[in-house]
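From first to last, the protein sequence lines stand for chains A and B. The first sequence begins at 754 in our numbering and counts up one residue at a time. The second sequence begins at 42 in our numbering and counts up one residue at a time. Note that CB positions come from ideal geometry on N, CA and C, so glycine has one too. Since this is a predicted model, take the numbers as computed values, not measurements.
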Amino acid sequence: MIDRRTFCKKSMLLVGGLALPLAAFELFDPRKLLADKSDPAKERWVFLVDTEKCVGCGYCVHACKVENEIPYEANVTRTWVERYVVTKDGKSHIDSPKGGRDGFTAGRIEIGEGKHEEIRGEDVNKAFFVPKLCNQCENPPCVQVCPVGATYATADGVVLVDRKWCIGCGYCIMGCPYGVRFFHPVYHVAEKCNFCYHRITKGMKTACVDACAFDARRIGNINDPADPVTRIIVTERVSILKEEYGTKPQVYYLGLSKEVK
Amino acid sequence: MKNHVWRPLYVALAIVLLILTARLFLVPEDFGVHERGYMYGWYRKGNEAEWRAVKVKYRTAAYCKECHAKEYDAIKGSPHSRIMCENCHGPALDHPDDPPTLTIDRHRSLCARCHALLPYKTSGRSDIRGINIETHHPEAECVLCHWPHNPKAEGKSL
């Protein structure tokens, strides 16, 4: 039989014990604390696309395919250029033949299966070009769905694919809301734009940025307040694609129109 | 407890041990949780270096001008100043060692990328002088009349 004194003592002890959070038992590691506090990543790569400046020459797509060894004739590409032609009847005509690899040299719009639609110049209300590439999201859904840890985000914010680790299940290709991923025709693993990781880590710009003669594409480091790209992103009116997905894309657009999805 | 209960348990334990040992050898040491945490940073660290080691093919104008300063200066003073040399001359790679010569693309389609006339008043394209590529001397290479390094100057035979 338990007496009152012991009962009170034991229940106080129990209540006190339950109130202790698990974190109270964690031992602090000074090195870890220091690392958390004093090491915000030096670089966070971001991209800026100015759709007002793009003329649809497609040199960026051409350079990307060569630089990153994406088979030239295969109809896959890490970056592509979309053409939007909005006609007076309110219809949007959108195409991107071969990802815009050979530029846009004719007014007709590709409508698939080798067919084209002629559009007369006087019917055009507005027309513009929108370059697309991997958004290197802060919350990349493609990384979350990878079952084997083959795709990941680096400390400087680029999402990479480990070709040796990828099992080719294709979850990430389905998971990307922007459709930037595809199967590499040679390696048969997931492939995507990685901001030319081999170039930006050497202080160079991406191949598409170097190939662009119109300043429509720019790469910068958002953690550097003096970076001209950062200046534009923080001071001007920029938009991102599919904000509602919560992926926090890091490719910013100037002059985006409502027709662009 | 009786032996027939323990025996399968030993087998199960042996299998678990086998898997753990195999894992020890098969999973590289640098595979694990890195900077971005478990959700976005669970990967093989060595792969970052593999991507960094990809060969740079487009060396940019800064590389070209080391030897071709004359051509570099010519194009920098022209309306074509912003066009990267390698867009027309092809990626430099390790030129002049490998390849010793670059293949210049003189095809009309190259110029047409910007200069084919498109009726897009709202696009930057309309700021560029355009031609109808089907009717504007379709038989000739553009460089016969227009010198690409300085389109304001007259073309010269190559």
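Cβ of residue i within 9 Å of Cβ of residue j?
i: A:Lys885; j: A:Val829; result: no
i: B:Cys155; j: B:Ile169; result: yes
i: B:Arg85; j: B:Phe72; result: yes
i: A:Tyr1006; j: A:Leu801; result: yes
i: A:Gly928; j: A:Phe857; result: no
i: A:Tyr812; j: B:Arg77; result: no
i: A:Asp909; j: A:Glu796; result: yes
i: B:Cys126; j: B:Tyr113; result: yes
i: A:Phe881; j: A:Glu805; result: yes
i: A:Ala827; j: A:Pro938; result: yes
i: A:Val942; j: A:Ala966; result: no
i: A:Arg831; j: A:Cys925; result: no
i: A:Phe936; j: A:Cys887; result: no
i: B:Lys162; j: A:Val912; result: no
i: A:Glu944; j: A:Val901; result: no
Check for me: the alpha helix (DSSP H) holding residue i runs from which residue to which?
i: A:Val911; result: Neither: A:Val911 is in no alpha helix (DSSP H) and is coded neither H nor E.
i: B:Asn128; result: Cys126 to His130
i: B:Asn44; result: Asn44 to Leu67
i: B:Glu112; result: Ala110 to Lys117
i: A:Ser849; result: Where A:Ser849 is concerned, there is no enclosing alpha helix (DSSP H), given that its DSSP letter is neither H nor E.
i: A:Leu771; result: Arg757 to Ala772
i: A:Glu820; result: Tyr812 to Glu820
i: A:Arg952; result: Tyr950 to Ile953
i: A:Val962; result: Ala960 to Ala964
i: A:Val987; result: Pro981 to Thr988
i: A:Val896; result: Pro894 to Gln897
Using a 10 Å radius around the Cβ and a threshold of 16 neighbouring Cβ atoms, would you call residue i buried or exposed?
i: A:Leu994; result: buried
i: A:Tyr837; result: buried
i: B:Glu89; result: buried
i: A:Pro824; result: exposed
i: A:Trp798; result: buried
i: B:Trp83; result: buried
i: B:Tyr99; result: buried
i: A:Lys841; result: exposed
i: B:Leu59; result: exposed
i: A:Phe781; result: exposed
i: A:Asp803; result: buried
i: A:Pro893; result: buried
i: A:Lys1011; result: exposed
i: B:Cys108; result: exposed
i: B:His45; result: exposed
i: B:His178; result: exposed
i: A:Ser992; result: exposed
i: A:Cys761; result: exposed
i: B:Ala55; result: exposed
i: A:Gly867; result: exposed
i: A:Tyr931; result: buried
Give me, in chain order, the residues of the same chain whose beta-carbon lies closer than 6 Å to that of residue i; leave out the 5 immediate sequence neighbours on both sides.
i: A:Cys890; result: Thr1000, Lys1001 and Pro1002
i: B:Gly131; result: Leu143 and Thr144
i: B:Arg166; result: Leu159
i: A:Ile975; result: Arg797, Val799 and Thr983
CB-CB under 7 Å to residue i, same chain, minus the five flanking residues each way: which ones, in chain order?
i: A:Glu863; result: Asp848, Pro850 and His869
i: B:His136; result: Leu143
i: B:Ala102; result: Tyr113, Met125 and Cys126
i: B:Pro140; result: Leu134
i: A:Val814; result: Thr830, Thr832, Trp833, Val834, Gly852, Gly853 and Arg854
i: B:Val95; result: none
i: A:Asp977; result: Thr983
Below 8 Å CB to CB, which residues in the same chain sit around residue i once its five sequence neighbours on both sides are set aside?
i: B:Leu199; result: Per-residue confidence for B:Leu199 stands at a pLDDT of 44, beneath the threshold of 50, marking its modelled position as unreliable; no derived number is given.
i: B:Pro192; result: Ser119, Pro120 and His121
i: B:Ala221; result: Coverage of chain B is limited to positions 42 through 199, which leaves residue 221 of chain B absent and any answer about it impossible.
i: B:Glu182; result: Arg147, His148 and Arg149
i: A:Ala777; result: none
i: B:Lys43; result: none
How far does the beta strand (DSSP E) with residue i in it reach, from first residue to last?
i: B:Ala157; result: Element bounds for B:Ala157: n/a, residue is neither H nor E.
i: A:His869; result: Lys868 to Glu870
i: A:Tyr837; result: Trp833 to Thr840
i: B:Trp83; result: Trp83 to Arg85
i: A:Ala880; result: Val877 to Lys885
i: A:Gly825; result: Looking at the sequence provided, one finds Tyr at residue 825 of chain A rather than Gly. Careful: A:Tyr825 lies outside any beta strand (DSSP E) and carries neither H nor E.
i: A:Tyr924; result: Note, A:Tyr924: premise wrong, no beta strand (DSSP E); alpha helix (DSSP H) at Tyr924 to Gly928.
i: A:Arg701; result: This structure does not reach residue 701 of chain A, given that chain A is present from 754 up to 1014, and the question cannot be answered.
i: A:Ile862; result: Ile862 to Gly865
i: A:Tyr1005; result: Val1004 to Leu1007
Measuring from the CB of residue i, is there a heavy atom of the ligand NAP at a distance below 8 Å?
i: A:Thr804; result: Only the bare structure without any ligand can be found here, which leaves the ligand NAP out of the picture.
| Contact the stretch 805 to 818 of chain A vs the stretch 911 to 919 of chain A: 3+ CB pairs below 8 Å | no
| said: If contact is defined by three or more beta carbon pairs under 8 Å, each pair taking one atom from either stretch, is the stretch 960 to 980 of chain A in contact with the stretch 848 to 865 of chain A? | reply: no
| request: Could you say if the stretch 870 to 883 of chain A and the stretch 65 to 74 of chain B meet the contact criterion of at least three C-beta pairs nearer than 8 Å? | output: no
| Between the stretch 94 to 114 of chain B and chain D, which residues of the former have a C-beta closer than 8 Å to a C-beta of the latter? | Although the question refers to chain D, the structure presented lacks it and instead comprises the protein chains A and B.
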